[in-house]
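Numbering-wise (numbering that gives the first Met the number 0), the sequence shown opens with residue 0 and increments by one. What follows is a set of notes on a single structure, which appears directly below.
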Amino acid sequence: MKMAVLGAGTIGSLIIRSSVSMGFQVIGTGRSERTLERVRSVGAEPTSDNLKAVKCAELVVISVKPQHFSDLIRQIPSELWKGKTVVSVMAGVRIETLAKVIKDANLFRAMPNVNARVNMSTTALTGGEEGRDVVDTLFKNLGTNYWVTEDLMDVWTALIGSGPAFVSEIVDGLVLGAVASGMPREIAYSAVLDMLRGTAENLRHHKGHPIEVRDNVTTPAGTTIRGLKVIEERGVKAALIETIESSTRRASELGKVIDEKIRKEITEDHGS
Ligand SMILES: NC(=O)c1ccc[n+]([C@@H]2O[C@H](COP(=O)([O-])OP(=O)(O)OC[C@H]3O[C@@H](n4cnc5c(N)ncnc54)[C@H](OP(=O)(O)O)[C@@H]3O)[C@@H](O)[C@H]2O)c1
C-alpha cells in the first residue's frame, strides 16, 4: 500500500511509524528540516512537496493543524484526489467541509489520542464504506478503533482526546494522597498505574456496572466506605460529569470556529 502523510508532526509521525511497521510504503511531508528529519527517523521517505506525495499515494492522511489546511489544499489540484482514500485527523473539520475541496475521494475522519505513542490509542473513526477496511487496519495498529457517527466527535475529543489529561490529574491526586500518608512517591506512582490497569481489566471482565465492583470491596465500617464518603461529600462524581460536559461544549465551539474559517477560506479560493 502506497501512503502519504501530509504534516508529519506529533500525530503524523506516530501514524507513519505504525504504517511502516505494517509494511506500507510511506512518504511523509513537512516544511521544516526538523519535520523531514523526523520522517526519515521513522523509516519513511521525506519530502516538502505535498503534490508529489499525493500523486503517488492510494491512501492519504492529512495531519496538519487545521489552520494550515487551506494553505496545504491549495497545492493539490482537486482532480488529483479522485478514487483515493483520504483520512483527516484534524480536530473540528467536518467531512462535509473536506468534501468541498477533496472531490470524489473516500473521505474519513479519525480522532486518535496521545496513547498512540504506546500503541494504545482509542481512536474514533467515521466516514463512508469504500476504503473502510484499510483505514480500520491503519488505526488498529495504533490501538483500538471505534466506528462512530460524526456527531459524536466532539464528545470523543473531550472524553478520549482530553481523557489522558483528566486521568493523569486523578493519578496525581491519588499519589499525593499516598505520599501524605507516608508512602514513597516512586512506589506510590508505580503501584497506582498498576492498580489502574488492573481495575480497567477487572471492570472489562466483570461486564456489569462499575458500582457492583465498587460494592464488592466496600466492607461495612471498613476503609473503602470512609474514602467513598469523602468522594461523595466533595462531589467528585458530579465534577467529573461536568468536566466532560464542559470540555465537550468547548470542542464543539472550537470545531465550529475552525470549520467555518476553513469553509470561508476554501470558498474564497474555489469560488463555490
Ligand atoms: N497531538 C494529538 O494528540 C492529536 C490527537 C488527535 C488529533 N490531532 C490532530 O492532528 C493534527 C496535527 O496535530 P499535531 O499535534 O501532530 O501537530 P504538529 O505536531 O504541529 O504537526 C503538524 C505538522 O504539520 C506540518 N505542516 C504544517 N503545514 C504544512 C504544509 N503546508 N505541508 C506539509 N506539512 C505541514 C508541520 O511541520 P512543519 O512546520 O515542518 O511544516 C508539523 O510537523 C491537528 O489537526 C490535530 O487536531 C492531534
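We treat Cβ as the ideally placed atom computed from N, Cα and C, and that holds for glycine. Treat the numbers as computed from the prediction; the structure is a model and nothing was measured.
Distance, residue j Cα to residue i Cα
i    : j    : result
G181 : A123 : 41 Å
V170 : I159 : 16 Å
G27  : Q74  : 15 Å
V41  : G91  : 27 Å
L192 : P76  : 49 Å
L253 : I224 : 41 Å
R33  : V100 : 29 Å
I14  : R203 : 27 Å
R116 : I61  : 18 Å
A144 : D268 : Sequence check: residue 144 is Asn here, not Ala. Cα-Cα distance, rounded: 35 Å.
Y188 : A179 : 13 Å
S47  : A177 : 50 Å
E168 : G162 : 10 Å
C55  : V113 : 29 Å
H205 : V212 : 8 Å
I10  : E149 : 20 Å
R184 : L151 : 38 Å
N215 : P209 : 10 Å
N140 : S20  : 9 Å
I230 : V174 : 16 Å
A98  : T247 : 25 Å
S31  : E95  : 30 Å
T121 : R196 : 15 Å
Chain-order list of residues whose beta-carbon lies under 6 Å from that of residue i (same chain, five-residue window excluded)
i    : result
R233 : none
S271 : At S271 the pLDDT is 49, less than 50, meaning the model places this residue with poor confidence and gives no usable figure here.
I35  : Residue identity differs from the one stated: residue 35 is Leu in this sequence, not Ile. Cβ neighbours of L35 beyond the five flanking positions: G29, P45.
W146 : L124
S12  : R37, V41
N105 : T84, G127, E129, G130
Residue i: CB within 7 Å of a non-hydrogen atom of ligand 1
i    : result
I75  : no
T96  : no
G11  : yes
L137 : no
R30  : yes
G8   : yes
P45  : no
V25  : no
V113 : yes
V88  : yes
T34  : yes
M110 : yes
P65  : yes
L124 : no
L5   : yes
L71  : yes
Same chain only: Cβ atoms within 7 Å of residue i, ignoring 5 sequence neighbours per side
i    : result
S18  : M2, V25, L137
F23  : M0, M2
P65  : M89, A90, G91, V92, I257, I261
A250 : D153, T156, A157
G200 : A small correction: the amino acid at residue 200 is Glu; Gly does not occupy that position in the sequence shown. If we look at E200 and ignore the five residues flanking it on each side, it has no Cβ neighbours.
F165 : T242
E259 : none
Sequence-distant residues of its chain with Cβ nearer than 8 Å to residue i (five each side left out)
i    : result
K255 : G91
K81  : K102, D103, A104
(request) Check whether the segment 230-248 touches the segment 69-80, counting contact only when three or more Cβ pairs, one atom from each stretch, lie closer than 8 Å. (result) Not touching, per the Cβ criterion.
(request) Evaluate the contact criterion for the segment 216-233 versus the segment 120-135: three or more CB pairs, one atom per stretch, below 8 Å. (result) Judged by Cβ distances under 8 Å, the segment 216-233 makes no contact with the segment 120-135, as fewer than three pairs qualify.
(request) Let me know the alpha helix (DSSP H) ranges lying completely inside the segment 68-150, each 4 residues or longer, listed in chain order. (result) Counting whole runs of 4 or more residues, the segment 68-150 contains the alpha helix (DSSP H) stretches 68-72, 94-100, 131-139.
(message) Tell me whether the segment 80-90 and the segment 99-109 touch, counting them as touching only if at least three CB pairs, one residue from each stretch, are closer than 8 Å.
(response) Yes, they touch.
(request) Taking only runs that begin and end inside the segment 207-248, name each unbroken beta strand (DSSP E) of 3 or more residues, in chain order. (result) Listed in chain order, the beta strand (DSSP E) runs fully inside the segment 207-248 amount to none, counting runs of at least 3 residues.
(request) Within the segment 158-190, note down every full alpha helix (DSSP H) run reaching 4 residues or more, in order along the chain. (result) As for any alpha helix (DSSP H) of minimum length 4 sitting wholly inside the segment 158-190, the runs are 162-179, ordered along the chain.
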